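> Here you go, one structure.
Residue numbers (the UniProt record's numbering): 1 to 839.
In structure tokens form, the structure reads like this:
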């Protein structure tokens, strides 16, 4: 019949997806309706549903299955004999095995012989070998892609787990509180003088480091140590540290010595003042000259120099200098009124004067709601020129993240297992390839990932120990001990840099997996081909760029902020090269030199150098595209994978059959089909088919023959294997006359004829067998077939007897008719079918 058209096998996934989707939608609507029912009805409904469910599983369904099993057992079950027969016919053969015996219930129409293996031709063998190599390479690529995708996913999980989504919002909140960004007149970023700085301390900063009354006037009970937002707690107290320079840190020009008494240079390590003073910056000559008046201890300590070791502080890099960890420190401790009074006193004592170069305020906070530490650094740089440059840095830290999230910890452990595997692989590659390993570009991303990962592990352990130390100290002192998170902040920054480089190298290495794409491989081939030209162009471009850098810096360093130092000037030139620069600043700085320098830079850098760079890339791309030797052949595997995917999904299978000249029935290649090669297999199939005829005849019919000229002679036999008739009586040499065929049920039915051609020769001779010559008459066929049946069925032996060609069948050779065509009619005996063998 016509074959049914079915959907591809992968539609089962769509079916499962639709099933789960329907279940989810049903559950959603059930839940929604349950909410509408109310609590009482919902409980009753759930009780009835659960009761019905378990009663169906434990009682109803088992009884139903038992009754159906009893019904099918007594009324619809199969016969045991047929089941046993089916079990006996179930054969499990290997690929190189063939069952040589026949079953009684098999017929020729359902019999199919096993086709032999046809040797492959040279072209077909090469194609099969290439296909197998492509399959191995395909699975290698799939495994590599899966493994590296998993590694990259683990890397991203480890990296981004250190980034808290609430960090930015918390930073903005603290910036508005401490820096008073919403105030246009008293904002920290709008400070330009010492007086404005003192005003900001008194009105904006100090009121926010203590919890004030609630909005309804209630006292802030149990909020000791919290800042004004009542969610972030200070670890210890806030500190304000000043760094000063010596009064004679620079030399005054001789012509101005009578006018200026001292010179205060910019801050550096050599000009820093590390002496201790009395309040009001009066010098201390000896221990007896230390002021011990009515000033509080915090005021007196504000004029004493402290080293970084005693303060647990470290160097800090500002916008205009790097400042050491020591200095003169004031601690914001006590009530708010006491702190405001101390600030007023410090202002009267000129705690900030002409020798002050930086005032750094540091606060360590912890927010339990988001499990984040926050380190706040607010710095005001008092430049030697008299300007005040305020800046601030608020850095949230996730120091206790892994202690509360086991999933991230497991991802980190899996990531290090990947790193160990990649490390041993690269070490083995270095041992094998030696110097050639370092000539490969893709070796350096591997080394970068390994080095940054191990360094990141060491920094992570350091950060974890620092977090444990802070947590232990906070627990032992109930949060009243001074904790400085500056070291933890630096360690966290280093860890972030290392993880960032790991992500960079990992993502860059992912491009290597795209080398099988023809376009991506062409891009890499283009860059490799143009490497020498690009190196020469880079040298030339660097010289031109440095020349313009020196020109713009020297001409406009005092007129434009973007040209105030070489680094900012380089950034400005890069923006100008991208045509993202506002030329109005140059025109305002100098009406002639500004536009002139800008025009020269655009002409030589943008129009000439950039076009030269594009020309080098375009010319190399054209050469690589037309020269197949410069391209890699790895992109061919992509087409192979696509074809395999189409074959896997049932798409494009007919097209592949046509391309490979495959027979759609047995899959053989008709282009290389050779009939001579398959001739022995066809002979074997013919013999097996004749044997099937015999087995069918044995089951349904009995072959009975008698001689034409002797109706009373013994019966003749017919061998269906070799097509020869034989006699069971010695000395019989005459034609065989077919007689009527009689059915068991109807004796008048028409005879069934079967034509069989015997072997032909010039003279028909009959040679008696060794058994028939002794008594003169042939023994009955049923008594002499102990071994003849197997030997006659499975094969025959060709030999020469007395100079004539003859065939001897089986162990007991029978008389065969030679050199004469014989026509035989198969008949049934009138009494029914014979139970004896054919010969």
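We put the beta carbon where it would ideally sit given N, CA and C, even for glycine.
Note that the coordinates shown come from a computational prediction; the quantities given were computed from them, not determined experimentally.
Taking buried to mean at least 16 other C-beta atoms within 10 Å of its own C-beta, is residue 323 buried or exposed?
Your numbering for residue 323 matches position 323 in the chain shown. When all chains shown are included, residue 323 counts as buried.
> Identify whether residue 354 lies in helix, strand or coil by the three-state DSSP scheme.
Numbered from its first residue, the chain shown carries residue 354 at position 354. In this structure, residue 354 counts as coil in the three-state DSSP scheme.
> Let me confirm a value: residue 132 is counted as buried when at least 16 other C-beta atoms fall within 10 Å, else exposed. Which label applies?
Numbered from its first residue, the chain shown carries residue 132 at position 132. Exposed.
> Out of 647, 528 and 501, state which residue places its alpha-carbon closest to the alpha-carbon of residue 158.
Start at 1 with the first residue of the chain shown, and residue 158 comes out as number 158. Nearest C-alpha to residue 158: 501.
> What's the call for residue 224, buried or exposed, on a 16-neighbour Cβ count within 10 Å?
Within the chain shown, the letter at position 224 stands for residue 224. Per the 10 Å Cβ criterion, exposed.
> By a C-beta neighbour count over all protein chains shown, 10 Å radius and 16 as the cutoff for buried, is residue 68 buried or exposed?
The residue given as residue 68 occupies position 68 in the chain shown. The residue in question, residue 68, is exposed, as its Cβ has fewer than 16 Cβ neighbours within 10 Å.
> May I ask which residues mark the beginning and end of the alpha helix (DSSP H) holding residue 63?
The residue given as residue 63 occupies position 63 in the chain shown. It spans 61-75 - the alpha helix (DSSP H) in which residue 63 sits, taken as one unbroken run.
> Check residue 23 in the structure and name its three-state DSSP category.
Position 23 of the chain shown, counted from the first residue, corresponds to residue 23. Three-state DSSP puts residue 23 in a helix.
> From the DSSP output, in three-state form, read off residue 261 for me.
As a first step, residue 261 is located in the chain shown; it is residue number 261 there, counting from the start. Residue state, collapsed to three classes: coil.
> Kindly list the residues whose CB is nearer than 7 Å to the CB of residue 50, restricted to its own chain and excluding five residues on each side of it in sequence; keep chain order.
Translated into the one-based positions of the chain shown, residue 50 becomes position 50. Taken in chain order, the list of residues that qualify is empty.
> Note down the Cα distance separating residue 164 from residue 408, rounded to an integer number of angstroms.
Position 164 of the chain shown, counted from the first residue, corresponds to residue 164. Position 408 of the chain shown, counted from the first residue, corresponds to residue 408. Counting only the Cα atoms, residue 408 lies some 13 Å from residue 164.
> Report the start-end ranges of each alpha helix (DSSP H) in the region 500-565 that is 4 residues or longer and not cut off at the edges.
Counting whole runs of 4 or more residues, the region 500-565 contains the alpha helix (DSSP H) stretches 518-529 and 531-556.
> Determine contact between the region 233-253 and the region 359-371, defined as no fewer than three beta-carbon pairs at a distance below 8 Å.
Contact between the region 233-253 and the region 359-371 is present, because at least three Cβ pairs lie under 8 Å.
> I need the DSSP call for residue 248, collapsed to helix, strand or coil.
Along the chain shown, one-based indexing puts residue 248 at 248. Residue 248 falls in the strand class under three-state DSSP.
> Which of helix, strand or coil does DSSP assign to residue 378?
Position 378 of the chain shown, counted from the start, is the residue given in the question as residue 378. Looking at residue 378 - three-state DSSP - the assignment turns out to be strand.
> Mark residue 413 as exposed unless 16 or more other C-beta atoms lie within 10 angstroms of its C-beta, in which case mark it buried.
Position 413 of the chain shown, counted from the first residue, corresponds to residue 413. Classification for residue 413: exposed.
> Rounded C-beta distance between residue 548 and residue 314? I'm assuming under 8 Å.
Taking the first residue of the chain shown as position 1, residue 548 is located at position 548. Taking the first residue of the chain shown as position 1, residue 314 is located at position 314. At roughly 39 Å, the Cβ-Cβ gap does not stay under 8 Å, so residue 548 and residue 314 are not in contact.
> Please classify residue 313: does DSSP put it in a helix, a strand, or coil?
Numbered from its first residue, the chain shown carries residue 313 at position 313. If DSSP states are grouped into helix, strand and coil, residue 313 belongs with coil.
> Tell me residue 327's beta-bridge partners as DSSP assigns them.
Stepping through the chain shown from its first residue, residue 327 is reached at position 327. In DSSP, residue 327 forms a bridge with 306.
> Between the region 442-451 and the region 423-431, can you find at least three pairs of beta-carbon atoms closer than 8 Å?
Taking 8 Å as the limit for Cβ pairs, the verdict is that the region 442-451 does touch the region 423-431.
> Apart from the five residues just before and just after residue 494, which ones in its own chain have a Cβ nearer than 7 Å to its Cβ?
Position 494 of the chain shown, counting from 1, holds the residue named residue 494. Same-chain partners within the cutoff: 459.
> Taking the straight line between their C-alpha atoms, what separation do you get for residue 11 and residue 122?
On the chain shown, residue 11 is found 11 positions in, with the first residue counted as 1. On the chain shown, residue 122 is found 122 positions in, with the first residue counted as 1. Cα-Cα distance, rounded: 40 Å.
> DSSP three-state call for residue 166: helix, strand or coil?
Numbered from its first residue, the chain shown carries residue 166 at position 166. DSSP places residue 166 in coil when its eight states are reduced to three.
> Assess, as a yes-or-no matter, whether the region 294-311 is touched by the region 334-350 under the definition of 3 or more beta carbon pairs within less than 8 Å.
In short, these stretches touch, since the Cβ pair count reaches three.
> What residue does the beta strand (DSSP E) around residue 388 start on, and which one ends it?
In the chain shown, residue 388 corresponds to position 388, counting from 1. That run of the beta strand (DSSP E) goes 388-397.
> State the DSSP-derived secondary structure class of residue 176, mapped to helix, strand or coil.
Position 176 of the chain shown, counted from the first residue, corresponds to residue 176. Three-state DSSP puts residue 176 in a helix.
> Might you give, ordered along the chain, the residues of its own chain that have their beta carbon closer than 7 Å to the beta carbon of residue 355, omitting 5 neighbours on each side?
Working through the chain shown from its first residue, we reach residue 355 at position 355. Hits under 7 Å: 244, 245, 247, 264 and 273.
> Hey, residue 303 and residue 342 are a contact pair by Cβ (cut 8 Å); roughly how many whole angstroms apart?
As a working mapping, residue 303 is identified with position 303 in the chain shown. As a working mapping, residue 342 is identified with position 342 in the chain shown. Between residue 342 and residue 303 the Cβ distance is about 13 Å, and since that is not below 8 Å, they are no contact.
> Would you list the residues sitting across from residue 18 in a DSSP beta bridge?
Residue mapping note: residue 18 aligns to position 18 of the chain shown, counting from 1. Answer is none; residue 18 lacks a bridge partner.
> Once you ignore the five residues that flank residue 17 on each side, which residues in its own chain have a CB closer than 7 Å to its CB?
For the purposes of this step, residue 17 is identified with residue 17 of the chain shown, where counting begins at 1. Short of 7 Å from the beta carbon of residue 17, and not among the five residues preceding or following it, lies no beta carbon of its own chain.
> What separation, rounded to the nearest whole angstrom, lies between the Cα atoms of residue 368 and residue 649?
Position 368 of the chain shown, counted from the start, is the residue given in the question as residue 368. Position 649 of the chain shown, counted from the start, is the residue given in the question as residue 649. Each residue's Cα considered, the two are about 54 Å apart.
> Kindly indicate the opening and closing residues of the alpha helix (DSSP H) around residue 473.
If you number the chain shown from 1, residue 473 lands on position 473. Residue 473 -> alpha helix (DSSP H) spans 443-476.
> Is residue 591 helix, strand or coil when you go by DSSP?
Walking along the chain shown from the start, residue 591 turns up at place 591. Residue state, collapsed to three classes: coil.
> Considering only residues of the region 115-159, which uninterrupted alpha helix (DSSP H) runs meet the minimum length of 4 residues and lie entirely inside it, listed in chain order?
none
> Count the other C-beta atoms from every protein chain shown that fall within 10 angstroms of the C-beta of residue 539, then say buried if there are 16 or more, exposed otherwise.
The count along the chain shown starts at 1 and reaches residue 539 at position 539. It is exposed - the Cβ of residue 539 has fewer than 16 other Cβ atoms within 10 Å.
> So, for residue 220: in the same chain, excluding its five sequence neighbours on each side, which residues have a beta-carbon less than 6 Å away from its beta-carbon?
Here residue 220 refers to the residue found at position 220 of the chain shown. For residue 220, the CB contacts under 6 Å within the same chain, skipping 5 residues up- and downstream, are 211 in chain order.
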